[in-house]
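Note that our numbering has the sequence shown beginning at 606, numbered continuously upward.
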Amino acid sequence: MTVEKIILAVITTSPHKVAGGMTFVCENDEEMQRIAANLEAILDGIAHALSDDLLIIVKH
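As structure tokens, then:
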């Protein structure tokens, strides 16, 4: 079995919205955007906003 699509990381400023996995909790939106940009490059993924305070990095 080959996994083609997967969530690699979650980045949030609201930790009560997520549980488990590779989660990065940030102090503010600026930090969240910076962490997401770095993780996109490091993990070779794409950031998607699920809400104003929740981003995911996925591999397509």
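All residues carry an ideal CB built from backbone N, CA and C; glycine is no exception. Keep in mind the model is a prediction, meaning the values are calculated, not measured.
Contact under 7 Å by Cβ, residue i with residue j
{"i": "Val-647", "j": "Val-663", "result": "Note on identity: in this sequence residue 647 is Ile, with Val being the wrong assignment. Result no, Cβ atoms of Ile-647 and Val-663 do not sit closer than 7 Å."}
{"i": "Asp-657", "j": "Ser-619", "result": "no"}
{"i": "Ile-640", "j": "His-653", "result": "no"}
Run of the alpha helix (DSSP H) containing residue i, from where it starts to where it stops
{"i": "Ala-642", "result": "634–648"}
Proximity to residue i [Cα-Cα], best of the options
{"i": "Ala-614", "options": "Val-623, Met-606, Asn-633 and Thr-607", "result": "Val-623"}
{"i": "Thr-617", "options": "Ala-642, His-665, Asn-633 and Leu-644", "result": "Asn-633"}
Extent of the continuous beta strand (DSSP E) run through residue i
{"i": "His-653", "result": "651–656"}
{"i": "Val-608", "result": "Careful: Val-608 lies outside any beta strand (DSSP E) and carries neither H nor E."}
Query - Any beta strand (DSSP E) of 3 or more consecutive residues that is wholly inside the region 610–635 - result: Correct list: 611–617 and 628–630.
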